[in-house]
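Report on the following structure.
In the UniProt record's numbering, the protein residues as written are 1 to 193.
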């Protein structure tokens, strides 16, 4: 039986190693194609030790099989300030629903809703007015795109999110099979809480 746990504070910090390994495994797949390593992950995940951060973990017994991260947007301000520069919403009123990762064999059982429910609840508890996330943009004709790939846009729209026109960011990572990092565009989506 799969359960979910909301982790904050010391419980969140204790789970970061397991979360790093899970992110590396899941993000190897489309559309991320991420060739990650644990050293980078440990540094990146430090943002989730800040006050207000949350991890909603999906557990199969004692094994973490999925997780969703979230934090007050200002903890990511250096990455996102330019993208939101023309927006009326102040960054300190936005809760950032960062990554959702779930092993393939556990998909299709409602955990995506549990991930968003937990993060949105954290945003409300912190008094945030909006919830936002970003999705990687890959071309439809990318050679690594699986023939049976189904974008999650419909799921996100049913949860009340909409893409923010012109609000994109660039993140760099190394794709599988490449020797250097390249910039990837990310589209922001948002909804009121």
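For glycine and all other residues, C-beta sits at the position ideal for the given N, C-alpha and C.
None of the values given here were measured: they were computed from a predicted structure.
query, result
"Whose CA, out of 126, 132, 138, lies closest to the CA of residue 161?", "132"
"Is there contact between the region 59 to 74 and the region 113 to 127, where contact requires at least three CB pairs shorter than 8 Å?", "yes"
"Do you know how far the Cα of residue 86 is from the Cα of residue 1?", "45 Å"
"Provide the residue span of the alpha helix (DSSP H) that contains residue 116, from first to last.", "111 to 125"
"Excluding five sequence neighbours on each side, which residues of the same chain lie with their C-beta closer than 7 Å to the C-beta of residue 33?", "144, 175, 176"
"According to the neighbour-count rule (16 or more other Cβ atoms, all chains shown, within 10 Å of its Cβ), is residue 109 buried or exposed?", "exposed"
"In the structure shown, what three-state DSSP assignment does residue 9 receive?", "helix"
"Classify residue 73 as helix, strand or coil using the three-state DSSP reduction.", "helix"
"Looking at the unbroken beta strand (DSSP E) that takes in residue 99, where does it start and where does it end?", "94 to 102"
"With residue 39 as the anchor, note down where its alpha helix (DSSP H) starts and where it stops.", "38 to 44"
"Can you tell me whether DSSP reads residue 87 as helix, strand or coil?", "coil"
"Under a three-way DSSP split, which group does residue 164 fall into?", "strand"
"Report the rounded CA-to-CA distance for residue 192 versus residue 130, giving the unit in angstroms.", "4 Å"
"If you reduce the DSSP assignment to three classes, tell me which class residue 4 lands in.", "strand"
"What are the boundary residues of the beta strand (DSSP E) that includes residue 175?", "Residue 175 -> no beta strand (DSSP E), and no H or E assigned at all."
"Identify, in the order they occur along the chain, each residue of the same chain with its Cβ nearer than 8 Å to the Cβ of residue 185, setting aside the five sequence neighbours on each side.", "136, 137, 168, 169, 170"
"Enumerated in chain order, which unbroken segments of the beta strand (DSSP E) with a length of 3 residues or greater are wholly contained in the region 134 to 162?", "none"
"Pull up the distance between the alpha-carbon of residue 153 and that of residue 62, whole angstroms please.", "31 Å"
"Going by Cα to Cα distance, which pick from 106, 88, 75, 141 is closest to residue 97?", "75"
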